[in-house]
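These notes are about the structure you will find just below.
There are 2 protein chains.
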Amino acid sequence: MKQSSLGNLVQPFHVMELVKAADTLNNQGKPVIHLSIGEPDFPMPKPVEQALAQAISEHKTRYTAALGLPELREAISLYYQTNFQVQVPAHQIVITSGASAALMYACLALINPTDKVLLTDPGYPCNKTFVQMAGGIPDFVQTQEAQNFQPSWADLYKQWTPHTAGVLLASPNNPTGTQLGAQAMQEIVQGVSTQGGFVIVDEIYQSLCYDRPAQSVLQVTGAPSEQIPVVVINSFSKYFGMTGLRLGWMVVPDTLLPAIERFAQNLSICPNTPAQWAALACFTPETLAICEERRLVFKVRRDFVVTALPKAGIELHSTPDSAFYVYAKSPYDSERYCRQLLEQALVCAVPGKDFSEFRGSEMMRFSYANSMDNLETAIERIRLFNNRQLP
Amino acid sequence: MKQSSLGNLVQPFHVMELVKAADTLNNQGKPVIHLSIGEPDFPMPKPVEQALAQAISEHKTRYTAALGLPELREAISLYYQTNFQVQVPAHQIVITSGASAALMYACLALINPTDKVLLTDPGYPCNKTFVQMAGGIPDFVQTQEAQNFQPSWADLYKQWTPHTAGVLLASPNNPTGTQLGAQAMQEIVQGVSTQGGFVIVDEIYQSLCYDRPAQSVLQVTGAPSEQIPVVVINSFSKYFGMTGLRLGWMVVPDTLLPAIERFAQNLSICPNTPAQWAALACFTPETLAICEERRLVFKVRRDFVVTALPKAGIELHSTPDSAFYVYAKSPYDSERYCRQLLEQALVCAVPGKDFSEFRGSEMMRFSYANSMDNLETAIERIRLFNNRQLP
Ligand SMILES: Cc1ncc(COP(=O)(O)O)c(C=O)c1O
Ligand SMILES: Cc1ncc(COP(=O)(O)O)c(C=O)c1O
């Protein structure tokens, strides 16, 4: 029995080693503070929790249609109209097991073996695996701090080759907490479509933004179509606080829908059923009010963190305006720094390696998905550590 | 934007057209009886439902480890020991989003592009897609009614080539409701391992068997290892009645574990969290008693159906002893027959096309995941239809 070459190729999350070390310290009674977390520190909004409990008591636990509950697809369509003033027909919305399954279907439906796909560096570590599983070759576009770590069409075009099939972007992005502007987005979609390529836009952190209203590429392009080669990825994980429920969605052109449906039928059967019923409660005024309140909590933390980190000796060149991450220069080699910060200051932050091929060892990610108390303590520990005032 | 060749290749479930027609009839007030269903007609066992509700109220809704809750992996290990007298270390058990994700990880970790993989015909329609998504080529082994639609090692060996990487079997199988005997299983594992190949055994219908105790290939081989190139697939969907919860598991050799973990991390993050906590309640005496009771209900239906169908004009050559399916000869072309049976007799059964490349048009599948009342009415309708006594 031989392992496949893809099995050898796919990368682990390097941070796991660090997280294991953090767990060991915790188990020794040493109170590690995690600035490493990729999910909100809030429970699900109460109305969603209640809807979930109700779905279960009503025995809504059997398979659904592969593309998801029609009611939920309708609700998301209405959400785009109400919150983003954009018309997306419900039939173009597909419910998936998290943004993860949506990224998988999109890559499988769009990438041929040996196709190159442009990915931003830094970016979400799993993106390269989705591309590779479809047989594609990740082609990293190095983005600049001065450009908020987002590419322009010129940056992408410079790397476009006859073998390039398309581009996968995230706005807001992980690990950077930065967005693409509407105009840059428009230029990218226009440029890529001239090349006959596709644009996958991961909007999983869409509504977690703090300095201007949430936006979608769909506001720029309208609903995807044969002429608008865009696939949008989204999720209930972050803004709606449903990470462990594994529920997301995608918006696809009509022409791609049959293939996406066949992948969904064959590879997953359907997304989790009670979660789908629960998600219907996400778009009620009550839930949206809770989520907005939480967004403001994140904003307060963001404001604190971007002020406090530089005072603690962590350089920031730009202000992250979205998600719950700060991507910053590490005082020295980030793997060594994060290891020592953990062991000596009991703060767990993430080295850049998982997010970046180019400058991973220079950079690191802080997550502010943690309480204000913990953030304050953690950053004070970082300050002391950086000033070598620790024992 | 061009769709990938895999997107073109992957097959839809042809039965969906028939199911849509059935829905239309139902909406017209015509009471179609479904013998087409691939999931139990029972709700989740009460203790599992309660455990699920409790997990939600305790806010167990965040991401878990990619390989699943350690507690659940332990519980399954104990289940193998208690119910199957086989030692499977918990760390070799991986929790997945249904058998579906388990099949996906197994195929991705074991199949290289252009590898041939032996699949039984008839078999579960999605198997070919899992093979194809890994770049492999499904190579169908035609099985015989006289051999309970299960292959011997001789059958597989006849089709083994230098490009064959392994074989994917299901016991009990869908659509046939038949099992592989322990000896045949042993010969297959031995034969395949001599060839340096792998054996994936899908045991999703494991405990739904009616004429002898439930069995596992692991009873024959012991836990998988470098020397025992077996991957076992299982699920909470069928015996435990948790289809919509999307939870399953796999048993893998140590050597394959790191690759499986990397796929799980990258492609799914983790399985549904509340479902994992709920599944812990599956292995309690209360739940197992409920599941056994249901198994006996299925047995009564099986006994009825295999007696009544031949009297209604549907030939059976063998007695299905597991799952909840009967695979039988269609009186004439199965697509036409199933269509007419639906329209004229309001019974929805499934043509063989989705399950078989070779003899799909000759064969059809009846599911007895329906109440005894409905089964009696449906088979009476079939009898009348076959006798052309309908208007
Ligand atoms: C940018 C980005 N995309 C996609 C995902 C996948 O999230 P999920 O599958 O929970 O929706 C994540 C999770 O951290 C992410 O950061
Ligand atoms: C033989 C077989 N394997 C796997 C599956 C997938 O089931 P699940 O993903 O719900 O565990 C099915 C579902 O019908 C099946 O019949």
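Residue numbers (the UniProt record's numbering), protein chains in the order written: chain A, 1 to 391; chain B, 1 to 391.
Positions of the beta carbon are idealized from the N, C-alpha and C atoms, including for glycine.
Here VAL199(A) carries a strand assignment [DSSP, helix/strand/coil]. At a cut-off of 8 Å, the beta-carbon of THR61(A) does not count as near ligand 1: no heavy atom of the ligand is closer than that. By the Cβ criterion, the stretch 78-86 of chain B is not in contact with the stretch 258-275 of chain A, since fewer than three pairs of Cβ atoms, one from each stretch, lie closer than 8 Å. Within 8 Å of the C-beta of THR243(A) there is at least one heavy atom belonging to ligand 1. Relative to ligand 1, the beta carbon of SER356(A) is positioned no closer than 8 Å to any heavy atom. For the stretch 263-290 of chain A, the set of residues with a beta-carbon nearer than 8 Å to any beta-carbon of chain B comprises PHE263, GLN265, ASN266, LEU267, SER268, ILE269, CYS270, PRO271, ASN272, THR273, PRO274 and ALA275, in chain order. Counting along the chain, no alpha helix (DSSP H) covers SER356(A), and no H or E run does either.
Across the stretch 39-73 of chain B, CB contacts with chain A closer than 8 Å involve GLU39, PRO43, MET44, GLU49, LEU52, ALA53, ILE56, SER57, HIS59, LYS60, THR61, ARG62, TYR63 and THR64, in sequence order along the chain. Residues of the same chain with a CB within less than 6 Å of the CB of LEU245(B), apart from the 5 flanking positions on each side, are ALA275 in chain order.
Among the bridge pairs identified by DSSP, LEU118(A) is matched with ASP139(A) and VAL167(A). The way I'd put it, the stretch 271-288 of chain B does touch the stretch 41-49 of chain B; three or more beta-carbon pairs between them come closer than 8 Å. Taking CB atoms only, ILE204(A) has no neighbour in chain B less than 9 Å away.
Counting only residues of its own chain and dropping the five nearest sequence neighbours on each side, ASP155(B) has a CB closer than 6 Å to the CB of VAL141. Contact annotation for THR243(A) against chain B: THR61, ARG62, TYR63, ILE269, CYS270 and THR273 [CB-CB distance below 9 Å, chain order].
For chain B, the residues of the stretch 101-124 of chain A that bring a beta carbon within less than 9 Å of one of its beta carbons are ALA101, LEU103, MET104, CYS107, LEU108, ALA109, LEU110, ILE111, ASN112, PRO113 and ASP115, in chain order. Interface flag for VAL10(B) against chain A is set, since a Cβ pair is found closer than 9 Å. Counting of Cβ neighbours within 10 angstroms places ASP41(A) among the buried residues, the total reaching 16 or more. Identification of chain B residues near GLN3(A) by a Cβ-Cβ cut-off of 8 Å yields ALA109, LEU110, THR255, LEU256 and ALA259, ordered along the chain. For VAL32(A) against CYS338(A), the beta-carbon gap comes to about 12 Å, at or over 8 Å, which does not count as contact. Going by beta carbons, MET363(A) and PRO122(A) fall inside the 9 Å limit. Taken from the Cβ of PHE42(B), every heavy atom of ligand 2 lies 8 Å or farther away. Of the heavy atoms belonging to ligand 2, at least one sits nearer than 8 Å to the Cβ of GLY98(B). Between the stretch 102-109 of chain B and the stretch 253-265 of chain B, the count of C-beta pairs closer than 8 Å reaches three or more; the two stretches touch.
Of the candidates THR255(B), TYR325(B) and GLY191(B), THR255(B) places its Cα closest to the Cα of ASN8(A). Only buried fits TYR325(A), as 16 or more other CB atoms lie within 10 angstroms of its CB. Less than 9 Å separates the beta-carbon of GLY136(A) from that of ALA165(A).
Chain order gives the chain A residues near MET133(B) as LEU108, MET133, ALA134, PHE263, ASN266 and LEU267, where near means a beta carbon separation below 9 Å. Check the Cα spacing between PRO175(A) and each of GLU292(A), SER4(A), GLN54(A) and THR143(A): the tightest is with THR143(A). As for any alpha helix (DSSP H) of minimum length 4 sitting wholly inside the stretch 218-302 of chain A, the runs are 257-267 and 273-279, ordered along the chain. For LEU208(B), the shortest C-beta to heavy atom distance toward ligand 2 is 8 Å or greater. Around the Cβ of GLN28(B), a 10 Å sphere holds fewer than 16 other Cβ atoms; the residue is exposed. Around the beta carbon of LEU78(B), fewer than 16 other beta carbons sit within 10 angstroms, so the residue counts as exposed. Counting only Cβ-Cβ distances below 7 Å, PRO229(B) has contacts in chain A at MET1, in chain order. Counting of Cβ neighbours within 10 angstroms places LEU218(B) among the buried residues, the total reaching 16 or more. Membership of LYS329(B) in the beta strand (DSSP E) is indicated by the continuous run 325-329. A contact is defined here as three or more CB-CB pairs under 8 Å, and the stretch 301-311 of chain B meets this definition with respect to the stretch 370-386 of chain B.
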